[in-house]
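Colleague: Got a structure for you, written out below as structure tokens; questions coming shortly.
Following this line, the structure appears as structure tokens:
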């Protein structure tokens, strides 16, 4: 259906969603606005007015006493209603005690806060920078009603049908001459009004006769009679158009066409017209046709099940926006089309977004960002310079004014996703020193928060993410520090790197020998820090001690230091069923387990389990069920002279945990007022005795064993599995990243590794090689149990593995004892409480995301190591920032849009998908470039990476360049000066009217895939027929129409444009028929990137064309039809339109045969209900103006 869009039930004000309104509440709000409200209005000076909505004309009026209207605002020109609290200019009133705000009102801080809810601003107009009207209501309730009501009326105006628009316009005309407020118009007043309506007063007794015809008395018209007079006047010159429908497909004849209501068109003929001539598939449904016809029938008695159009109503339909040239499917977002990489789209982009005029002396404004974002721009530019205290934005080395970077960022945050939810790119041209860049980075984080994209969505991806994946995200385009260009690595060191270090096969040296080797290796190294650290092992989930050295900006660490095996039985509890080890969520999990275990056993007091403390290292807790609740008791551990002690209270100590538990199972616990025995225990989940440990598998294949072991990223991982042959087993162990298998046979109750060892049990074998090197290679360090495998599935422990990815150079300060090395310069450092320790230092490698965590038994030493690492990183950062002039904080924010400065010649030699190349427009359009870079190279580059084209420095007047050559090469971000509404800005707006105005338009398939061919050429046949309500600047116009096919692809301009004849003194209802206005046929070389532009102009005194209105369309978005076109004009006229006839079809009829074997003819209107292009005189701006200036014509695509 091609009716006007349905009004949304949810009202939007200043980008924030208000609650849904029921119909009664809507009516009350509108009635309140019609009644009027007294408010303070801020113009040149504050003054109180009655603010009232005039529903007949759809205007907001400012009224002084005695009903004297001082100012009116057309609601169709209203763009936004914004609360005071979100408007920067009003916030500035509150900045100092002597501000303008307080001088006027002398208000307290509390009163200022209250006014932030009662003050609001109306933004309206058609220029780039909108006009504003600021108001202060007396109550919050009044302000809320006006905020909601104005937005509601704005939406209703946009959705209004053409007859409603005409009626509102006629009310305005009457009010403009009805000075006595009598709602009538005299003959004398009408004669003065007709020139304002853009038509010469007819001679003779024409007006008197029409007055009689509409039933006027005493030459005075009421509104209904004035409306009838208008129908007669508009019909008089255009009734000849009805003859055009007596021939061709779906022909019909109206018997009497002298008067608008003298002849009728039944619904059956109208249906035939829609189906055969207009090619409207929806017209098969008679109910939809009836609904459409009812819109244009003003007689209630004729709104039946089988309505009939009068001649005047049929012509009104032809000129209406309901008969739009625009194919509404292109006004809808296609979600599937938003799943391609960003490089596959044209992206609506702005140049020097902050400027409101020329490039040298104009004003910079945050409102320019608001306007661009609300017009669908998705890439805005910020030229950042050092300010006195914080960064500022302006056109450097010019006289343009300055605005704060912080204010711009806030404005972007408030308005970025109101028009479109798809990502916004901030193209930052950086001129600040690193110090203020750090301030910029912090501001971006504080304002945008989680909207700011700081990490890649998929680190392993090989192409850019899609707009759908980046919804609601702010992307930073900025220079990035390239580590490969600025690190101080020695080439010799790179050449000396070897594969990962091998474990020492026979490590049976004592500490003295170790220290001797370390001292020898240190002689040729400059050491920055050395000592003993505890490094976290994510497999065993505990800290191990290592000798560590920081040298040459690297952290070297040794093998785990040998710890004496406990001879006093302090670890015997590890194999006890009541010991549960470290439990996730500690006491919460223990309480749940005991509660579930004991509730089915009548709550037996004394049931217990022992677990590791989740707060203290080497401390434990007894969780005990007593009196239908769980109590927790801390078991302390201490070590003195190599002997461990366990105790609940210091009065009684035990040499082992087992001894402590056994004692309290026989004796009372006298602790914290309780006297209980430890009785039964809660066994560990899936507990098995030490004779059946989890490393043994009774049914596991060799392939599966290898899979298990390779999932554990550590050498020394092992398991034992039962083989198919009786009494045979296999020991599978990981050595140097490779899984090796060893046969174990059982003879005479012994387990034998052939020719090497004999053991009485598998447990003895494992215990032996956990202490000694197996086969002279490695110890059995990590038993691969089902629990360990499950943990690897639940969490990515590979990121904690520093061993697997370490490459240890032979020349290192730890010599052969070195197990791994961490390049500190590639890491970020942090410190926090972790793993039960009060302070743990974490080093995260930014390249491979591997981390190492270390601490020390002495807290002060942890702090010293942290500072040593931090100094290295900060020193490196300072060097990089000094050399590149880029702050690391800003560099780290750059993910997908890394600005690269390279000549056009070198652009395509080496690139990746995360880079953006920028070019001046004259680099793209120079003919010389054709020999330097072939278009195919440009297209291939733009399939993968992004490019941005911007105006050359010579365009100081903010004029725009032709974007089509850049689009044709696949350039995504073609940045134009939005403040200049010239022809090329109109092309930009036409292109981005596609895909629902999201600011992202998918490039054709042949641009995305070099293997695809371009579509075949098309022919388009255009005929301009008539127009209505053309703009009237200050006199009656004599219009002509120029039609262009853009871009020009040949040398002959006449092949791409034509003009109609000039009609004298009629801008109300001109008609272009006859021999001087024949159809024109254009050849369209690239239909995906072709535009039709319509200009309505008049000749000035020097016979030069003076633009009155224009409309620009992408060819692929128009329908073959006899259609009208809403025109964007230089004056705020709402009902200007014209009719044309078009026919479009494939150049190759064999491959694209049209329905019925005939070309598609259609009559339709250039609708204004969608986002259309802009056409204004120099210095003016249109931008989504809801006009209905219509041009009627025909076209045929072939």
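Numbering (my numbering), first residue to last: 59 to 1256. Ideal Cβ placement from N, Cα and C applies to all residues, glycine included. From a predicted model like this one, the values you see are computed outputs, not experimental measurements.
1. What's the gap between the Cα of residue 1118 and the Cα of residue 1099?
2. Check this for me: beta carbons of residue 1151 and residue 1076, under 9 Å apart or not?
3. Three or more C-beta pairs under 8 Å: does that hold for the region 435 to 453 against the region 482 to 489?
4. What's the call for residue 539, buried or exposed, on a 16-neighbour Cβ count within 10 Å?
5. Are the CB atoms of residue 684 and residue 664 nearer to each other than 9 Å?
6. Might you give, ordered along the chain, the residues of its own chain that have their beta carbon closer than 8 Å to the beta carbon of residue 1033, omitting 5 neighbours on each side?
7. Starting from the C-beta of residue 371, find all residues in its chain whose C-beta is less than 7 Å away, skip the five residues before and the five after it, and write them out in chain order.
8. Got a sec? Which residues, its chain only, sit under 7 Å from residue 939 by beta carbon, not counting five neighbours each side?
9. Could you tell me which of 943, 89, 1105, 666 sits nearest to residue 208, measuring between CA atoms?
10. I want to check one thing, is the minimum distance from the CB of residue 102 to the heavy atoms of the ligand ADP below 8 Å?
11. Is the region 391 to 408 close to the region 1022 to 1033, with three or more CB pairs under 8 Å?
12. Under 7 Å Cβ to Cβ from residue 397, same chain only, skipping five residues before and after it: list those, please.
13. Residue 594 and residue 911 - do their beta-carbons sit closer together than 9 Å?
14. Would a C-beta distance cut-off of 9 Å place residue 898 and residue 920 closer than the cut-off?
15. Under 8 Å Cβ to Cβ from residue 590, same chain only, skipping five residues before and after it: list those, please.
16. In this structure, how does DSSP classify residue 1026 when only helix, strand and coil are distinguished?
17. When the distance is taken between beta carbons, is residue 426 closer than 9 Å to residue 1036?
18. Could you tell me the alpha carbon to alpha carbon distance between residue 225 and residue 285, rounded to whole angstroms?
19. So, under 8 Å CB-CB, residue 713 and residue 702 are touching, yes? Tell me the CB distance rounded to an integer number of Å.
20. Within the continuous alpha helix (DSSP H) that includes residue 1109, where are the two ends?
21. Could you tell me the boundaries of the beta strand (DSSP E) in which residue 367 lies?
22. Over what stretch of residues does the beta strand (DSSP E) that includes residue 601 continue unbroken?
23. So, for residue 830: in the same chain, excluding its five sequence neighbours on each side, which residues have a beta-carbon less than 8 Å away from its beta-carbon?
24. Count the other C-beta atoms from every protein chain shown that fall within 10 angstroms of the C-beta of residue 91, then say buried if there are 16 or more, exposed otherwise.
25. Among 1170, 1058, 1072, which has the Cα closest to the Cα of residue 394?
26. Residue 528 and residue 481 - do their beta-carbons sit closer together than 9 Å?
27. Sort 325, 343, 308 by Cα distance to residue 334 and report the nearest one.
28. List in chain order: all unbroken beta strand (DSSP E) runs of 3+ residues lying wholly within the region 638 to 695.
29. Give the straight-line distance between the Cα atoms of residue 191 and residue 951, rounded to the nearest whole angstrom.
30. Assuming residue 101 is part of the alpha helix (DSSP H), what are its boundary residues?
31. Pull up the distance between the alpha-carbon of residue 235 and that of residue 283, whole angstroms please.
32. Which whole-angstrom value describes the C-beta separation of residue 1014 and residue 421, a residue pair presumed to lie in contact below a C-beta threshold of 8 Å?
33. Is the beta carbon of residue 668 sitting closer than 9 Å to the one on residue 678?
34. Since residue 611 contacts residue 187 with CB under 8 Å, what's their CB separation in whole angstroms?
35. Distance cutoff 9 Å, beta carbons only. Does residue 1130 sit that close to anything in chain B?
36. Nearest-angstrom Cα distance between residue 775 and residue 839?
Modeller: Inspection of the coordinates gives the following:
1. Residue 1118 and residue 1099 have their C-alpha atoms some 5 Å from each other.
2. The answer is no: Cβ separation not under 9 Å.
3. With a cut-off of 8 Å, the region 482 to 489 and the region 435 to 453 count as touching, because enough Cβ pairs lie within range.
4. Classified as buried, residue 539 has 16 or more neighbouring CB atoms from the shown chains inside 10 Å of its CB.
5. Result yes, Cβ atoms of residue 684 and residue 664 sit closer than 9 Å.
6. Correct list, in chain order: 407, 408, 409, 437, 439, 485, 1006, 1007, 1008, 1009.
7. Correct list, in chain order: 354, 355.
8. Excluding positions up to five away in sequence, the list reads 492, 945, 946.
9. Closest by C-alpha distance to residue 208, out of 943, 89, 1105, 666, is 89.
10. Here there are no bound small molecules, and the ligand ADP is not part of this structure.
11. Yes: the two stretches touch, three or more of their Cβ pairs being nearer than 8 Å.
12. Cβ within range, chain order: 524, 526.
13. Using a Cβ distance threshold of 9 Å, residue 911 and residue 594 count as a contacting pair.
14. Yes, the Cβ-Cβ distance between residue 898 and residue 920 is below 9 Å.
15. If we look at residue 590 and ignore the five residues flanking it on each side, its Cβ neighbours are 603, 604, 605, 606, 619, 914.
16. Three-state DSSP puts residue 1026 in a helix.
17. In contact: residue 1036 and residue 426 (Cβ atoms closer than 9 Å).
18. It is roughly 8 Å from the alpha-carbon of residue 225 to the alpha-carbon of residue 285.
19. The Cβ separation is near 7 Å, so the contact holds.
20. Per DSSP, residue 1109 lies in no alpha helix (DSSP H) and is assigned neither H nor E.
21. Counting along the chain, the beta strand (DSSP E) containing residue 367 begins and ends at 366 to 368.
22. Start and end: 600 to 609.
23. Excluding positions up to five away in sequence, the list reads 837.
24. Buried, since its Cβ has 16 or more Cβ neighbours within 10 Å.
25. Considering only 1170, 1058, 1072, the residue with the shortest C-alpha distance to residue 394 is 1058.
26. Here residue 481 is near residue 528, since their CB atoms are less than 9 Å apart.
27. If we check each option's Cα against that of residue 334, 308 comes out closest.
28. The region 638 to 695 contains these whole beta strand (DSSP E) runs: 666 to 670, 678 to 684.
29. The alpha-carbon atoms of residue 191 and residue 951 are separated by roughly 39 Å.
30. No alpha helix (DSSP H) holds residue 101; DSSP gives it neither H nor E.
31. Rounded to the nearest angstrom, the two C-alpha atoms are 16 Å apart.
32. The pair is not a contact, with the Cβ atoms about 15 Å apart (cut-off 8 Å).
33. A contact, by the Cβ cut-off of 9 Å.
34. 53 Å between Cβ atoms; not a contact.
35. In the structure shown, chain B cannot be found, because there is only a single protein chain.
36. Near 6 Å, if we compare the C-alpha coordinates of residue 839 and residue 775.
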